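The structure appears right after this line, and notes come after that.
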Amino acid sequence: MVTEVVKIENLTKHFPIVGGILQKTIGYVYAVNDVTMSVREGETHGLVGESGSGKTTVGRIIVKLTNPTSGRIIFDGEDITRVKGEALRNYRRKVQMVFQDPYASMNPRMTVKSALLEVMKIHSMHKGSEYEYATKLMERVGMSEEHLYRYPHELSGGQRQRVVIARALSVEPKFIVLDEPTASLDVSVQAQVLDLLKELQKQYSYSYLLITHNLAIIKYISHRTTVMYRGVWVETAPTQELFKNPQHPYTIALMSAVPVPDPTLRREKIILKGEPPNPIEKVVACPFQDRCPYVMDVCREKMPPDTDLGSEHLVRCWLRA
Amino acid sequence: MKLYEYSIRRIFLLIFVLLGVTILTFYLSRIVLNPLGAYVTERTRPEAIPAIEKRLGLDKPFYIQYIIYLQDLVTFNWGWSRVAHMPVIEALFYRFPATVELAIASFIIIILVGVPLGIISALKNNSVVDHAIRIFSLTGISIPVFWLALTLQYSFSYLPKVAGLPSLPSNGRVDALLYQQYPVNRITGLMIFDSLIQGNFIIASDALLHLILPAMTLAFLSIGAVTRVARSSMLEVLRQDYISTARAYGLPERMVIYKYALKNAMIPVTTLSGLLFGGLLAGAIITESIFAFPGMGQLTVFAISSNDSYTIMAFTVLASFIYVLINLLVDIVYAKLDPRIKY
Amino acid sequence: MLLSVRDLIVEFYTYRGIVHALNGVSFDLDKGEVLGLAGETGSGKSVTAFSIQRLLPANAKIVSGKIVFDGVDLLELSEEKMREIRGQRIATIFQDPHTYLNPVFKIERQFLDVLKYNDPEIKALENKKEAERIAFEKAVEMLKKVKMPAPERVLKMYPHELSGGMKQRVLLAMAYSLTPDLIIADEATTALDVTIQAQVLEIMKELQKEKNLSVLLITHDLGVIAENCQKAAIMYAGRVVEIGDVKKVLISPKHPYTQGLLKALPRTDKEVELVGIPGTVPDLVNPPTGCAFNLRCPYAKEICRTKVPPYTLEEGSTVACYLYGGK
Amino acid sequence: MKSRQTRMFLMDLKFALTLLRKNKLVVSGFVMVLFFIFLALFGDFIVDPNIAKSVDYPNALKPPSWEHPFGTDDNGRDIVAMVVLAAKYDLAIALSVILASIGVGILVGSVSGYFGGIIDEVIMRITDIFLAFPGLVLAMAIATVLGRSFTNLMLALIIVWWSGYARIMRGQFISEREKPYVAAAKILSVPSWRIIFRHILPNAIYPMLVVLTMDMGGVILTAAGLSFIGLGPSPFEPEWGSLASRGAVYLFQAPWIIFFPGIMILFACLGFNLVGDGLRDVLDPRLRR
């Protein structure tokens, strides 16, 4: 029996748009619409989608940087959707997040050491041996003691992201949300960081939610994958299965659109027409209807049902329903 | 949100601000100051004081007093000005056009000199010209008003007069004798405008001469600010990517700078100029008083020296109302100028 | 040969010191050819683009080298002549469509001005109104060519009312309306989503074929190069380290850096084990002596640390590495 | 850690100095400011402070001479001495007004900007009220009400000055609070007060240094202006503005009385403005790359 570390159920987030003379809510940005997914122990779950797909918002909701409009977040069997105060602090010792831009996610006026020690002090961990623990953390992410004395701008991009990872690990979490962890890094450094994440998972069996737009990274690192479009999940499957046998027209188009660095490979590309719909329109039917090459009447009327294709492969498309 | 909605919302908020302003001035004038001051002298019999208090509503609770205060404000019943020997409101409105005239004159100089200097400074970044303009504008914002005014008065009016050279007038709005000879009917109260439409060029030119020194004084203090903003925003814009686009697509350099960059760079300058104009309209207290220019500011300085609190407070309220209104206009113009603005 | 860059050296003067951004960049581009220029941050690919257009910022200086375009050295031209080249013969499409359109002018104004100053037909017209009208028609036509929906309406909009993909199409339309011989696409699709990137690349491909244009495609994405270019050049620390037929460079890379780059790349088409390149990109204020890659290279020898390797021809690719060429 | 920070500070300082060295204007600004501070600190030792309270009518209104290089005023006091003695009052006003205002500004702006919502709405509406007055006018009204004294002048200026800083600090906090480092701190359960003061404040205040430096000059100017229209301290607390104000009456007989205090104000303000202007370049992150 696999244990689910995090499970989100029917998660919805609508950001109000205020306007008008009285600054009342005149509409919503429908960022996340009814997303259900789970991350298992020791597993990496990839959440893939383009800008505006709502993937980052899902991550921010899970670490409780923002509250969902509706839906539930269950962590280790406990509903933590509305936790506050001490309970929230406890939750945040088990859940951490790594952001896209490592430079922006570090306080530019704090050394690595003071950043790490601050965390330990707040959670009263390793009293008396904070420094030793900080050194150990640095070694764990492939850096040395001397880097403790550096300011963020004295580190390279890859080193910064390692430090950010070390800081997330400092509270000894079970689960880490990785929001585009390598998007700001160069390819040669990205590989180092991805391998570090893999290695850490192997050793300490962390669970990851990997948010990215990069399918290649998903393929390399994640065990299961959910594809999002316009705040709706459209397909979810074990990664290998997804790449072998994509079912949703959007997933298929996305995979075909990714350029492959093999000039001998000649493929017919599926070029989608149009652009993602405006997020201020409420999603009532299939969000992909306007760009889908196979669109049918029913797609414009009703949300497609969750169709189970077996071997944990679920898709939301009227073609497969 | 549409522009008009934004404007209405801003006006709506303005009401709160103005209410706040009146609470503050009410507090200052009724609670901290002795409101009886204007009505009680040494010769007033002590037993008469309660009657005066009653007449002024001072025996009532504060909130009622405040409502009376507001009523008085709205009905322009602003009290008696001891220094002007007339109701405060009349004194202020009588003097307002002079202030407007001075404000317009100095504003024209500020824009005509400040903006070009800023742009030259930006285009010749780090050259000798740039440094010279930088010093000039920093000096402008470092100079005490009264000192500049008096120095100008001394060197362009007093010294030439003593030496028997032609000199600039440094007192009042117009030569009193000349004015008696060629009187002008008061229409708008803007002397140059009034005399021009009445074909009275003698007074028009004399009034213009009287404006030169005070307008130069006010202008010099603000040119620096305009120049600095124009310079830095022009430099900022020239660094932007869309300037590279214009160049990369073969537009001539003149057009890149004077059409594409300038419009962007002028947005912050417009905002600042608006605020400066608001400040000028709200009264150039020191300058007016030194050049005996009969605007609201001069009246206020008189009021200060004779402890005329009604006049001071009335001026404070009026000045802030004008200032707030101009600010509002500036914000609306800004929203209009920059299509990106989100309200 | 349409464009030939030779030993281009560019320096930036900053308060940190002199940044040696380009250290002898050389490559050729034939008529009708699409050359991909790839490299990581700081490799100098964008600086190369800006140098060709002579649009480097004021603190940069082209120290030496030649940029021969259609038989003329661009570095020798007067500013006015260069402006004509920029408007009429070389067009650039930049990376971030959000910042490369002027926010306070409508698309129409920006597009028509470009046409009025560069389109010979419109420039020749005496009647201003007429010129304006013809320019408008031409703009609409170009926007249709880049598959812009409702072009007339788009022209009346401000840039912020358009999505990134739409803005990039406006810039494409502007660039191609100048009927240039050479297009420089500087990370033109990097800021776009994959599905939008595919659309834009498709349009670029069509226009390139139609006019037999030469394209210098600058990107950090080797996938984009593989799918769109005939030739590929790999840059590292301000130098082209390997250049050749795209199949040769990407399938059997010669330079250790190119090899490392390909091994570090996660891909969707096959299962791979990633191997990162150890270390980081050198600081170009104090670049290492010899081959700039020597600190990260698994094959580094003594000579690599002292002398800059010359170019040698190895199985059809030109490589700057001491592993090849006998010595 | 300390040594590291010191080293970092020294590096910053070295960088700043190399930048400043290239700019002769800034250096001259520094000299002016240092001279001003020197006069303020040691003025009482350089000249006899009793001169301020002395009266010497036979020597009144004497033009500049070897004995009195700047001349004498209407009480026969030596202007050089008066100008030197006045420096400390001006520095005291400038420093206390700026420090108190930025203190209030930080408090109000940080709470408003960080928490947002209703708190922000209420605080900003109140701030708006203070911003609705032209600065000099409000200061004038308050100074009139409070009565003429050195402390009241300072108080009036603080009441006028804090609101601008509150608004700027709020803006800074709003832009900083959206940055990932703040989100990261939240996720690590760093308490709000610590995020505000330890994380955001140092980043938010840095760009303010330019404004604060230049406003030192602004406060001196405004104080002098208020003194000039008769709202300044008593003649026995000889601030430059009030010295000049006495001179205005004798402009045509004894222009030196107003000339020299005015020049002092000009140079002190110019000094601060030059330094602030230079600081803007030093703090510009674009130049660091």
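Residue numbers (the working numbering), protein chains in the order written: chain E, 23 to 343; chain H, 119 to 461; chain V, 597 to 923; chain D, 16 to 304.
Even for Gly, the Cβ is constructed at its ideal location relative to N, Cα and C.
Since the model is a prediction, treat every value here as computed from it, not as a measurement.
Query: Please list the residues of the stretch 188-216 of chain D that have a C-beta atom closer than 7 Å to any C-beta atom in chain E, keeping them in chain order.; Result: K194, P195, Y196, A198, A199, K201, I202, L203, S204, V205 and H214
Query: Restricting to runs no shorter than 3 residues, where is the beta strand (DSSP E) found entirely within the stretch 47-100 of chain E?; Result: 66-70 and 92-97
Query: Less than 7 Å between the C-beta atoms of L266 (chain H) and L436 (chain H), yes or no?; Result: no
Query: What residues in its chain sit with their C-beta under 6 Å from that of R342 (chain E), if we drop five residues either side in the sequence?; Result: Q269 and T329
Query: Roughly how many angstroms lie between the CA atoms of E252 (chain D) and L281 (chain D), to the nearest whole one?; Result: 20 Å
Query: The beta strand (DSSP E) that contains T429 (chain H), what's its start and end?; Result: Run containing T429 (chain H): none in the beta strand (DSSP E); it sits in the alpha helix (DSSP H), S427 to L455.
Query: Take P64 (chain D) and list the residues in its own chain whose beta-carbon comes closer than 7 Å to its own, dropping the five residues that flank it on each side.; Result: L100
Query: Taking 7 Å as the threshold (beta carbon to beta carbon), is L651 (chain V) in contact with chain H?; Result: yes
Query: Give the DSSP bridge partners of I779 (chain V), in chain order.; Result: V:A687 and V:V811
Query: Alpha carbon to alpha carbon, how far is L188 (chain H) from P370 (chain H)?; Result: 59 Å
Query: Would you mind listing the alpha helix (DSSP H) stretches within the stretch 826-904 of chain V that are 4+ residues and don't spill past its ends, in chain order?; Result: 842-847 and 852-859
Query: Closer than 7 Å by beta-carbon distance: list the chain E residues that pair up with L818 (chain V), in chain order.; Result: P283
Query: Any C-beta of chain H sitting closer than 7 Å to the C-beta of N90 (chain D)?; Result: no
Query: Under a Cβ-count criterion, where at least 16 other Cβ atoms within 10 Å of its own Cβ denotes burial, should Y196 (chain D) be classed as buried or exposed?; Result: buried
Query: Quick one: which chain E residues come within Cβ less than 7 Å of F264 (chain H)?; Result: The premise fails here: F264 (chain H) is roughly 43 Å from chain E at the closest Cβ pair, so nothing lies under 7 Å.
Query: Kindly list, in the order they appear in chain E, the residues whose Cβ is closer than 8 Å to that of N288 (chain D).; Result: By Cβ distance, chain E contributes nothing, its closest Cβ being about 27 Å from N288 (chain D), past 8 Å.
Query: Is the separation between the beta-carbon of Y754 (chain V) and that of L803 (chain V) shorter than 7 Å?; Result: no
Query: So, helix, strand or coil for D93 (chain D), using DSSP?; Result: strand
Query: On the criterion of 16 or more Cβ atoms from any shown chain inside 10 Å, does V70 (chain D) qualify as buried, or is it exposed?; Result: exposed
Query: Using the beta-carbon count (16 or more within 10 Å), is S249 (chain D) buried or exposed?; Result: exposed
Query: So is the beta-carbon of K743 (chain V) under 6 Å away from any non-hydrogen atom of the ligand FAD?; Result: The model on display carries no ligand, and the ligand FAD is accordingly not part of it.
Query: Look at V85 (chain E) and V117 (chain E) and say whether their C-beta atoms are less than 7 Å apart.; Result: yes
Query: Could you tell me how far apart the beta carbons of C825 (chain V) and G613 (chain V) are, in whole angstroms, since I believe they sit closer than 8 Å?; Result: Rounded, the Cβ-Cβ distance is 35 Å, inconsistent with contact.
Query: Out of V:I821, V:L861 and V:K805, state which residue places its alpha-carbon closest to the alpha-carbon of D208 (chain E).; Result: V:L861
Query: Suppose you measure from the CA of G236 (chain H) to the CA of G44 (chain D); what does that come to, to the nearest Å?; Result: 21 Å
Query: Rounded to the nearest angstrom, how far is the Cβ of A15 (chain E) from that of V120 (chain E), given a contact under 8 Å?; Result: Nothing can be reported for residue 15 (chain E), as the shown portion of chain E is limited to 23 through 343.
Query: Give the interface partners of I43 (chain E) over in chain H, defined as CB-CB distance under 9 Å, in chain order.; Result: M119, E123, Y124, I126, R127 and F130
Query: Since F420 (chain H) sits in a beta bridge, which residues does DSSP pair it with?; Result: Bridge partners of F420 (chain H): none, in fact.
Query: Please return the same chain residues whose Cβ sits closer than 6 Å to the Cβ of V451 (chain H), not counting the five positions on each side in sequence.; Result: none
Query: Assess contact between the stretch 288-301 of chain H and the stretch 337-353 of chain H, defined as three or more Cβ pairs (one per stretch) separated by less than 8 Å. Is contact present?; Result: no
Query: On the DSSP letters alone, give me the boundaries of the beta strand (DSSP E) that D201 (chain E) sits inside.; Result: F197 to D201
Query: As a quick exercise: from D:V160, D:I117, D:L153 and D:A199, pick the residue whose alpha carbon is nearest that of R185 (chain D).; Result: D:I117
Query: Could you check whether the Cβ of I39 (chain E) sits closer than 7 Å to any Cβ belonging to chain V?; Result: no
Query: Can you pull the chain D neighbours of L142 (chain H), defined as C-beta to C-beta under 7 Å?; Result: I144
Query: So, under 8 Å CB-CB, C339 (chain E) and P271 (chain E) are touching, yes? Tell me the CB distance rounded to an integer number of Å.; Result: 7 Å
Query: Quick one: what does DSSP say W255 (chain E) is sitting in, helix, strand or coil?; Result: strand
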